[in-house]
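Just so we're aligned, residue 1010 is where the sequence shown starts under our numbering, counting upward by one.
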Amino acid sequence: MKHFPIFLDVEGRDIAVSGGDEAALAKLRLLAKSDARLTAYSAAPGADIRDLAACGRLTLVPRAIEASDLAGKVLVYAANEDANEDRRVVTLAREAGVLVNHVDNLETSDFITPAVVDRDPVVVAIGTEGAAPVLARAIKAELEESLPPALGPLARVAKGFRQMAKALPFGRRRRTFWSDYYSRVGPRAFDQDGEAALPGALEQLLAEHLDASPEIGSVTFVGAGPGDPDLLTLKARRALHDADVVIHDRLVTPGILDLARREALIVNAGKRGFAPSTPQAEINAMLVRHASEGRHVVRLKSGDATVFGRLDEEVDACAAAGVSCSVIPGITAASAAAAGIGRSLTRRQRNSSVQLITGHDVEGYAEHDWRALARPGEVAAIYMGKKSARFIQGRLMMHGAAPDTPVTIVESATRADQRVIASELACLSEDVARADLAGPALVLYGLAPREAEAVARPKREIAL
Ligand code: SAH
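Okay, structure coming up:
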């Protein structure tokens, strides 16, 4: 983010616009919505600017801007549509230490003016750092349609009621009160009797909320999917948005955590393969403690919470403590990796079952029914298989699996840095080592990628 968005208090402060034609007029019209004092400088101002001056919305100085004009200004716009004159204004502003916007010139501007959706006091500013003004306009049009005109009055009246609402404890209870007002009670009262009905509606709603019994906490186990935030379910998004506390795995990506509310407590309980991590008992205790104190906890697990996620242990801990909990499923890495290589996990007449297996468990390398897996056509999704690749390869070949059985490693499935490595059983461990995998990786045993660019490697002789 090169341009950091802020809302500047311009009430009663001076803003200068240099220019008398269309560009200056556009800025003046936008600025006229604010409470700033506006001065336009132009030796030959257009009729519209003269009209704005005539109705008292701005002061018109009928000459070019000078250095002495800049004293006390908070912002200056160079909007002359004349490169030399604009450059002169930018230089004057710099010398005076006043922030300057050089219209349509990102490089020489200190700030840029966003596209604005105005429901005063609710204001949405949309910026694309100059990259896509068309997109900004499209977003603005969409927001103009979706934000009800009543939003302004609703927020204005709410502002005067904030002190009263503090009778409700900070956090969820107060938040629920406000969301009730904005989504239900406020719009209804406004539709019936307009803005005048809002203070009464707020008072009545507050009384109802003060009477209500205190909030009971809960734990929601949420599958965060393989990493792409677009692959979260709507329920998962809602739960995240609603959470007071989010306790997440190491593999949950920052883009997903960004969807939590800014005030939510975010705890990384990451378990990293063999490295130190938050002990399970501590995670269980944390879940129970927060929920018992009335908070809504989201336990965010990568992929699907029911696959290699120690879900039962945490649900059992909640149940034992009388904490209510629920599970929202997510897309597991096996589905994500299969999608990434354009292959089906099951296929008629090839495999009517698929195994989700782990490379290692609490006791070390995990044992499986290798003989069954070694049969032609079998498919398995191997989780946590990086370190155990050699072991798995050895076991399968020892039990008669064909050395040229296709195996595909999918690293960081669905993420921007997804990598697909096509291999064969005989070279699996070698290829895993060579790939130098930094992200999470899933090994798809029995499947080759469909993509042309990931063509199977040439067959090699192997010594058993
Ligand atoms: N509950 C998760 C699995 C947790 S175990 C799920 O359903 O996906 C962690 C293992 O999942 C990692 O070692 C890796 O094998 C796999 N994994 C998780 N996210 C992945 C991703 N984006 N790409 C590839 N593998 C992934």
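For every residue, glycine included, the Cβ atom is placed at its ideal position computed from N, Cα and C.
Below 7 Å, is the gap between the Cβ of residue i and the nearest heavy atom of ligand 1?
i     : result
S1173 : According to the sequence provided, residue 1173 is Met. The question's Ser does not apply to it. Incorrect: M1173 has no Cβ contact closer than 7 Å to ligand 1.
F1317 : yes
Y1050 : no
P1449 : yes
G1312 : yes
Y1392 : yes
R1428 : no
V1107 : no
E1323 : no
L1260 : yes
P1142 : no
G1279 : no
G1203 : no
G1264 : no
G1236 : yes
T1287 : no
E1420 : yes
R1424 : yes
A1389 : no
A1346 : yes
T1185 : no
A1176 : no
A1330 : no
T1341 : yes
I'd like to confirm the pairing. Which residues does DSSP put opposite residue i in its beta bridges?
i     : result
E1433 : P1415
E1212 : DSSP, once it has assigned bridges, lists no residue as partnering E1212.
D1370 : G1373
V1231 : L1309, I1337
L1365 : A1390
R1181 : Beta-bridge pairing links R1181 to no other residue.
R1428 : E1420
R1356 : N1360
Using DSSP with H/G/I as helix, E/B as strand and the rest coil, what is residue i?
i     : result
T1477 : Residue 1477 falls outside the range modelled here, since the chain spans only 1010 to 1473, and no answer is possible.
S1027 : strand
G1455 : coil
A1390 : strand
V1254 : strand
V1324 : helix
A1278 : coil
A1269 : coil
A1450 : strand
E1488 : With the chain running from 1010 to 1473 in the structure shown, residue 1488 is simply not present.
D1202 : helix
R1380 : helix
E1217 : helix
V1349 : It should be noted that the sequence gives Gly, not Val, for residue 1349. Three-state DSSP puts G1349 in a helix.
G1226 : coil
K1396 : coil
S1286 : coil
A1461 : At A1461, the pLDDT of 46 sits below 50, so the modelled position is not reliable; the number obtained from the coordinates is stated separately. Residue state, collapsed to three classes: helix.
F1317 : coil
E1020 : coil
D1239 : helix
G1161 : helix
E1302 : coil
I1015 : coil
S1188 : helix
S1155 : helix
V1297 : helix
G1403 : helix
D1057 : helix
W1259 : Rather than Trp, the amino acid found at residue 1259 in this sequence is Arg. DSSP places R1259 in coil when its eight states are reduced to three.
task = Report the residue ranges of all alpha helix (DSSP H) runs contained in full by the stretch 1069-1153; include only those spanning at least 4 residues, in chain order.
result = 1092-1105
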